[in-house]
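A.B. asks:
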Amino acid sequence: MAMKFPRRRFLQLAAGTVALPAVLRSAWAQSYPSKPVRIIVPFPAGNATDIVARLVGQSLSEQLGQTFVIDNRPGAGGNIGAEAVAKSPADGYTLLLISPSAAISHSLSERLTFSVIRDIAPVSCVGIAPFIVALNPSFPAKTLPEFIAYAKANPGKINMASAGNASAGHVTGELFKMMAGVDMLHVPYRSSFLPDLLSGQVQVSFAPISLAIEPVRSGKLLALAVTTATRAEALPDVPTVADSVPGYEASAWYGIGAPKNTPPEIIDRLNSAINTGLADPKMKSRFADLGASINRGSAADFGTLLAQETEKWAKVIKFASIKAG
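The opening position of the sequence shown corresponds to residue 25 in this note's numbering, with each subsequent residue numbered one higher.
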């Protein structure tokens, strides 16, 4: 005769069976990290993206008791480093420093075998910084409204420099052209455009604040505006583009991602540690040195930002007929 098994007891046991892996995952997350962690930066050492990664990595090392190694993998507009992370084990030991290039590349990735938006899990927002509409001082316009009026009166005669085709500075400038209704000639550079901007070979650039702020402060460049929705703490007297072009907003933002399917417990642990580090006043000061502001938040917050930025830049790329370089 078969023994009757109370339904309530069966459900209790079944629930315990389901919960067991979660308990094990939680215990695993508590012991994480048990070895060094790599943060891959898909750009060269020494630029703002690299410096942000090093600041975050140092903070994580101090909090979590393991070395966070910065691994620079530049090339292909950030795609080489991003692909390395996308194809790494989803165990929390390989992370990615994500910037706008990821959202831009998504709309140019027909030939790629991966996508940051599809194959990387957001971990945390980190920081945000404006681009500066940086103008050679010899240019006849001295304010953004004057610049727009000049551009409309002289279509195609202003040279707009950027760090390369489909770079963040390029699409930021194309968004301005689209919303302000002006025509400028894009001049992409493989090396730094700054010498030609300083000499007047090119007239304007939507330049990262970390690159342009010292020439602006020394009077070698004129800051017409910043591209963020609000004024930059580093340049409080410089207006926003939106003051003259309502609704305009573009920014260089930074965040941390991990391979898709990384256990949520590990993502939560990393997010908590990153946000704790970002709350340190010393961190705020270091970001301010780059012209950047702290941008704390949950993994979901960062996921929302990625989705919004991907949609925005897809529209600009289509409007401007931008192709992968």
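Ideal Cβ positions, reconstructed from N, Cα and C, are used throughout, including at glycine.
As the structure is a prediction and not an experimental result, all values here were calculated from the model.
So, with DSSP's three-state summary, where would you put Val-240?
C.D. replies: Note: Val-240 maps to helix in three-state DSSP.
A.B. asks: Just verifying my parser: in three-state terms, what is the DSSP assignment at Arg-22?
C.D. replies: Here the chain has residues from 25 to 349 only, and residue 22 is not among them.
A.B. asks: Rounded to whole angstroms, what's the CA-CA distance from Met-307 to Ser-345? Just pull it up for me.
C.D. replies: About 39 Å.
A.B. asks: What does Leu-119 pair with, by DSSP beta-bridge criteria?
C.D. replies: In DSSP, Leu-119 forms a bridge with Ile-63.
A.B. asks: I want to know whether the region 323 to 339 touches the region 165 to 178 - three or more CB-CB distances under 8 Å.
C.D. replies: Short answer: they don't touch.
A.B. asks: In angstroms with no decimal places, state the Cα-to-Cα distance between Lys-59 and Glu-289.
C.D. replies: Taking the straight line from one Cα to the other gives about 17 Å.
A.B. asks: What's the gap between the Cα of Gly-89 and the Cα of Ser-242?
C.D. replies: For Gly-89 and Ser-242, the distance between alpha carbons rounds to 42 Å.
A.B. asks: Find out if the Cβ-Cβ distance for the pair Leu-246, Leu-159 is shorter than 8 Å.
C.D. replies: Yes, Cβ-Cβ distance for Leu-246 and Leu-159 is below 8 Å.
A.B. asks: Sort Ala-187, Phe-67 and Asp-143 by Cα distance to Lys-284 and report the nearest one.
C.D. replies: Taking only the C-alpha atoms, the option nearest Lys-284 is Asp-143.
A.B. asks: What are the complete alpha helix (DSSP H) segments, minimum 4 residues, inside the region 187 to 262?
C.D. replies: Counting only runs of 4 or more, we get 192 to 204, 218 to 223 and 233 to 241.
A.B. asks: Would you kindly work out how many angstroms separate the C-alpha atoms of Asn-178 and Asp-207, rounded to a whole number?
C.D. replies: Distance between the alpha carbons of Asn-178 and Asp-207: 8 Å.
A.B. asks: Can you tell me which residues form a DSSP beta bridge with Tyr-278?
C.D. replies: Answer by DSSP bridge pairing, in chain order: Gly-151.
A.B. asks: DSSP on Thr-300, reduced to helix/strand/coil?
C.D. replies: It is helical.
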